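Here it is in structure tokens:
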């Protein structure tokens with residue numbers, strides 16, 4: 072039903088644990104009016120420089136979930152989605 | 072120390088679980104004034120006939136413990152020992 | 019006392035608390051609780067009667083615990099086994115193990131149960147609608163024991 | 019509710035009783051309790067801080083439980099995981115499993131813990147004498163996960 076009455080032109084980004092500390096924010100509303108790949112979104116975030124470039128570099132160990140499902144770089148992010156970026160899990 | 076002051080000329084026989092029911096007794100004091108093998112003791116018990124011959128027949132599944140240790144037919148029983156005969160365990 | 023045989027019920031929480039003993043090296047506690055089923059091999063069971071061989075049974079359980087402690091990296095092992103009449107859903111046996119990490123705690127708890135089932139002198143009699151019957155040893159328990167080599 | 023994430027302590031006895039629910043088909047109850055150690059990788063730990071990702075964490079735990087229920091012959095599986103600050107010796111996670119027989123109960127409980135450690139979105143931060151530090155993922159946990167193929 073999303074988008075039929077009130078078109079959404081953003082995604083919600085969520086940063087967890089060590090990455091939240093390193094990037095200095097817990098979440099943000101990010102403008103997005105068309106589907107893009109996770110890889111393209113990460114590239115856009117890295118372009119912010121500083122900790123973004125460092126923490127989200129290709130060789131770093133982190134994961135991305137779209138709408139609570141862990142995905143690979145080729146997955147698609149659509150307006151209205153929730154995208155989370157987090158380090159490897161260390162629970163239990 | 073056993074036997075130095077009061078020489079023992081018996082062993083205690085213990086029958087457990089299904090074998091106790093089948094043999095009609097829980098324990099008995101059995102005369103024994105010299106070491107014999109477990110096999111020889113079982114042979115003497117089988118010679119009682121009836122349930123003894125049937126339940127302690129060579130092909131039946133039962134075990135013998137001497138002083139709380141499970142042993143084979145070649146083990147030695149000495150005066151003063153406790154000899155238990157019981158079916159395979161079914162605990163827990 | 020790491021090993022006990024008793025007719026009285028046991029308190030799992032109290033046993034586990036005593037075993038943990040506030041030890042902050044412990045990261046993993048695995049417990050096995052065996053309970054009376056109302057069906058065994060397709061037969062309805064009203065009451066189970068558990069018998070042991072006083073003296074030998076305690077020694078056998080202590081030997082099983084000592085073997086587990088030598089094979090696995092664990093801090094504490096506790097075994098409490100009930101005897102006497104037991105109704106369906108009643109606890110029969112508790113095995114609790116503490117360790118720094120979960121792999122040793124799981125291995126040791128399972129090892130103790132597998133050996134307990136095949137080595138410890140306990141015998142079960144079932145009271146069924148068709149009368150009493152002694153439970154036969156299970157082949158699958160011998161298989162479980164053989165896993166440990 | 020078979021899966022819960024909460025800051026409050028949990029009552030192991032009450033959780034297990036609810037899971038057993040007086041079901042006389044149950045013959046085996048295996049529980050894993052994870053507790054805070056005061057030493058991790060050689061460093062003294064004063065307090066652990068556990069974080070989760072609300073929504074995704076619960077879904078991940080439910081998926082792990084569903085997978086365990088499809089792989090093993092179990093009646094019930096319950097997972098309670100705490101978040102927030104936790105002191106040494108405090109319980110972090112409880113996994114409880116009921117089954118007719120012990121093999122499935124042990125397998126399912128261990129499976130859930132191995133997958134929980136590697137798949138469930140939880141992160142630990144340790145407060146040590148040298149300051150706070152996020153805990154790194156353990157290679158041994160990935161190995162344990164790989165065991166299940």
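Chains as they are written, first to last, in my numbering: chain S, 72 to 163; chain L, 72 to 163; chain Y, 19 to 167; chain H, 19 to 167. Beta carbons: idealized from backbone N, C-alpha and C, even for Gly. Given the structure is predicted, the values throughout are model-derived calculations rather than measurements.
Residues near residue i in its chain [Cβ-Cβ closer than 6 Å; skip 5 each side]
i: residue 143 of chain H; result: 67, 150, 152
i: residue 127 of chain H; result: 48, 50, 113, 115
i: residue 138 of chain L; result: 152, 153
i: residue 24 of chain L; result: Beyond the ends of chain L as shown, which are 72 and 163, falls residue 24 of chain L; an answer cannot be given.
i: residue 112 of chain L; result: 148
i: residue 91 of chain S; result: 97
i: residue 154 of chain H; result: none
i: residue 65 of chain Y; result: 103, 105, 145
i: residue 99 of chain S; result: 84
Proximity test, residue i beta-carbon vs the ligand MN heavy atom, cut-off 7 Å
i: residue 70 of chain Y; result: What this structure holds is no ligand at all, so the ligand MN is not there to describe.
Environment of residue i [buried if 16+ CB atoms lie within 10 Å]
i: residue 117 of chain Y; result: buried
i: residue 45 of chain H; result: buried
i: residue 129 of chain S; result: exposed
i: residue 124 of chain L; result: exposed
i: residue 89 of chain L; result: buried
i: residue 102 of chain L; result: exposed
i: residue 163 of chain S; result: buried
i: residue 121 of chain H; result: buried
i: residue 75 of chain Y; result: buried
i: residue 123 of chain Y; result: buried
i: residue 161 of chain S; result: buried
i: residue 31 of chain H; result: exposed
i: residue 78 of chain H; result: buried
i: residue 21 of chain Y; result: buried
i: residue 140 of chain L; result: exposed
CB contact below 8 Å: residue i versus chain L
i: residue 165 of chain Y; result: no
i: residue 111 of chain Y; result: yes
i: residue 71 of chain Y; result: yes
i: residue 100 of chain Y; result: no
Cβ of residue i within 8 Å of any chain H Cβ
i: residue 82 of chain S; result: no
i: residue 87 of chain S; result: yes
i: residue 121 of chain Y; result: yes
i: residue 100 of chain S; result: no
i: residue 106 of chain Y; result: yes
i: residue 95 of chain S; result: no
i: residue 26 of chain Y; result: no
i: residue 80 of chain Y; result: no
i: residue 95 of chain Y; result: no
i: residue 156 of chain S; result: no
i: residue 112 of chain S; result: no
i: residue 74 of chain Y; result: no
Cut-off 7 Å between Cβ atoms - residues of its own chain near residue i, not counting five sequence neighbours on either side
i: residue 70 of chain Y; result: 23, 101, 139, 140
i: residue 119 of chain H; result: 45, 46
i: residue 56 of chain Y; result: 62, 63, 106
i: residue 160 of chain H; result: 136
i: residue 104 of chain L; result: 80, 150
i: residue 87 of chain S; result: 155, 157
i: residue 132 of chain L; result: 158, 159
i: residue 13 of chain Y; result: In this structure chain Y extends from 19 to 167, so residue 13 of chain Y is not present and cannot be described.
i: residue 125 of chain Y; result: 90
Same chain, Cβ closer than 8 Å to residue i, five either side skipped, listed in chain order
i: residue 72 of chain S; result: Caution is warranted here: a pLDDT of 49 is assigned to residue 72 of chain S, below 50, making its placement in the model unreliable, and no coordinate value can be reported.
i: residue 132 of chain Y; result: 159, 162, 163, 165, 166
i: residue 108 of chain L; result: 144, 145, 146, 147, 148
Neighbour flag for residue i against chain Y, beta carbons, 8 Å
i: residue 122 of chain L; result: no
i: residue 130 of chain L; result: no
i: residue 160 of chain L; result: yes
i: residue 44 of chain H; result: yes
i: residue 163 of chain L; result: yes
i: residue 118 of chain H; result: yes
i: residue 37 of chain H; result: no
i: residue 33 of chain H; result: no
i: residue 30 of chain H; result: yes
i: residue 124 of chain H; result: yes
i: residue 89 of chain H; result: no
i: residue 22 of chain H; result: no
* Kindly confirm or deny that the segment 104-112 of chain Y and the segment 49-60 of chain Y touch, where touching means at least three C-beta pairs closer than 8 Å. => yes
* Mind the definition here: the segment 85-102 of chain H touches the segment 137-153 of chain S only if three or more C-beta pairs lie below 8 Å; say whether that holds. => no
* Asked: Any residues in the segment 47-69 of chain Y with a beta carbon nearer than 8 Å to a beta carbon of chain H? Which ones, in chain order?
  -> Of all residues in the segment 47-69 of chain Y, the ones placed with a Cβ closer than 8 Å to any Cβ belonging to chain H are 47, 48, 49, 50, 51, 52, 53, 54, 55, 56, 57, in chain order.
* Touch check for the segment 28-47 of chain H and the segment 90-99 of chain H: three-plus C-beta pairs under 8 Å? -> yes
* Positions along the segment 133-163 of chain H whose CB lies within less than 8 Å of some CB in chain S -> 134, 135, 136, 137, 138, 139, 140, 141, 142, 143, 152, 153, 154, 155, 156
* Asked: Any residues in the segment 134-154 of chain L with a beta carbon nearer than 7 Å to a beta carbon of chain Y? Which ones, in chain order?
  -> 136, 139
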